[in-house]
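Inspection log for the structure reproduced underneath, given as structure tokens.
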Amino acid sequence: EAEVAQSPRYKITEKSQAVAFWCDPISGHATLYWYRQILGQGPELLVQFQDESVVDDSQLPKDRFSAERLKGVDSTLKIQPAELGDSAMYLCASSPPSRKYEQYFGPGTRLTVT
Amino acid sequence: AQSVSQHNHHVILSEAASLELGCNYSYGGTVNLFWYVQYPGQHLQLLLKYFSGDPLVKGIKGFEAEFIKSKFSFNLRKPSVQWSDTAEYFCAVNAWQTGANNLFFGTGTRLTVIP
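Residue numbers (the working numbering), protein chains in the order written: chain X, 56 to 169; chain E, -16 to 98.
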């Protein structure tokens, strides 16, 4: 069964450093999402792509976060500089064109900022 | 703005007990409703979904949920839980009419099933 791939699974970084996460959606899924899940809370959308275009980034802290999906396939989420409050699980999800309201999640990247 | 409330933060049950997890949402229009499950060490998985039609929907592993529009609720149920149902359960809503695909999640309910 195809799955969303994410790397790294765990990342520890110091405050003010740059960090990047990678996501490879299920093949053929045109829509890609990045969520942030703080411990004890549900996931919150950061950014949504349709192919290579950003559809919604209203909740992305653009002063330090950036996301790209240059060829409309895999995607990178970057934080620069990282802050202590960025410690969270970063989840990637994708949706197929025929069932765009169904999202399939990857295993996530657990970020710890020290 | 849409919001999803899950009032039970942690539920502890013995095996074979019945389960009901509450979920309420705030949005006046047409919604798509979902329950996701996250087993220990695993990623979020879709448990069941409601788009339209029969308000009683059945999902995987014997779970079901009932959409009650008048109560803005989508409670998750299972008649007899197993130890393997120990997991975190998230309710999520998508506002159909906005055209946006993003999901709004509740804070989750942690279920612990004691053998």
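Even glycine gets a Cβ: it sits at the ideal position worked out from N, Cα and C. None of the values given here were measured: they were computed from a predicted structure.
Cβ shell of residue i (< 6 Å), same chain only, five flanking positions each side left out
| i | result |
| --- | --- |
| Leu86 of chain E | Ala75 and Asn77 |
| Pro136 of chain X | Ser71 |
| Glu71 of chain E | Gln21, Gly91 and Arg93 |
| Ser130 of chain X | Cys78, Leu87 and Arg124 |
| Phe76 of chain X | Leu132, Tyr145 and Thr164 |
| Phe120 of chain X | Ile134 |
Sequence-distant residues of the same chain with beta carbon closer than 7 Å to residue i, five excluded per side
| i | result |
| --- | --- |
| Val14 of chain E | Tyr8, Val76, Asn77, Ala78 and Trp79 |
Beta-carbon gap between residue i and residue j smaller than 8 Å
| i | j | result |
| --- | --- | --- |
| Thr95 of chain E | Gly95 of chain X | no |
| Tyr88 of chain X | Gln158 of chain X | yes |
| Gly127 of chain X | Glu107 of chain X | yes |
| Tyr10 of chain E | Gln(-11) of chain E | no |
| Gly42 of chain E | Leu31 of chain E | yes |
| Ile134 of chain X | Val74 of chain X | yes |
| Glu138 of chain X | Gln114 of chain X | no |
| Phe160 of chain X | Leu27 of chain E | yes |
| Pro38 of chain E | Glu49 of chain E | yes |
| Cys147 of chain X | Gln61 of chain X | yes |
| Val(-6) of chain E | Cys6 of chain E | no |
| Val40 of chain E | Glu(-2) of chain E | no |
| Gln105 of chain X | Ala85 of chain X | yes |
Interface partners of residue i on chain X, CB under 7 Å
| i | result |
| --- | --- |
| His26 of chain E | Phe160, Gly161, Pro162 and Gly163 |
| Asn77 of chain E | Tyr156 |
Residue environment, residue i, which counts as buried when at least 16 other CB atoms sit within 10 Å
| i | result |
| --- | --- |
| Asp68 of chain E | buried |
| Pro80 of chain X | buried |
| Leu16 of chain E | buried |
| Gly97 of chain X | buried |
| Trp18 of chain E | buried |
| Asp57 of chain X | Residue 57 of chain X is actually Ala in this sequence, not Asp. Exposed: under 16 other Cβ atoms inside 10 Å. |
Within chain E, partners of residue i - CB distance below 7 Å
| i | result |
| --- | --- |
| Tyr88 of chain X | Asn85 |
Neighbour list for residue i in chain X, Cβ cutoff strictly below 8 Å
| i | result |
| --- | --- |
| Thr90 of chain E | Gly95, Gln96 and Gly97 |
| Asn15 of chain E | Tyr156 |
Nonlocal neighbours in the same chain, by C-beta distance under 8 Å from residue i, ignoring five residues either side
| i | result |
| --- | --- |
| Tyr156 of chain X | Ser150 |
| Glu47 of chain E | Leu31, Leu39, Val40, Lys41, Leu59, Arg60 and Lys61 |
| Lys52 of chain E | Pro38 |
Partner residues on chain X for residue i, Cβ-Cβ distance less than 9 Å
| i | result |
| --- | --- |
| Phe73 of chain E | Gly97 and Pro98 |
| Lys32 of chain E | Tyr156 and Glu157 |
| Leu29 of chain E | Glu157, Gln158, Tyr159 and Phe160 |
Amino acids of chain E, ordered along the chain, whose beta-carbon sits closer than 9 Å to that of residue i
| i | result |
| --- | --- |
| Gln72 of chain X | Near Gln72 of chain X there are no residues of chain E at all, since even the closest Cβ is about 26 Å away, more than 9 Å. |
8 Å Cβ cutoff, residue i in contact with chain C
| i | result |
| --- | --- |
| Gln72 of chain X | No chain C appears in this structure, whose protein chains are X and E. |
Does the segment 53 to 72 of chain E touch the segment 124 to 143 of chain X, meaning 3 or more C-beta pairs lie closer than 8 Å?
no
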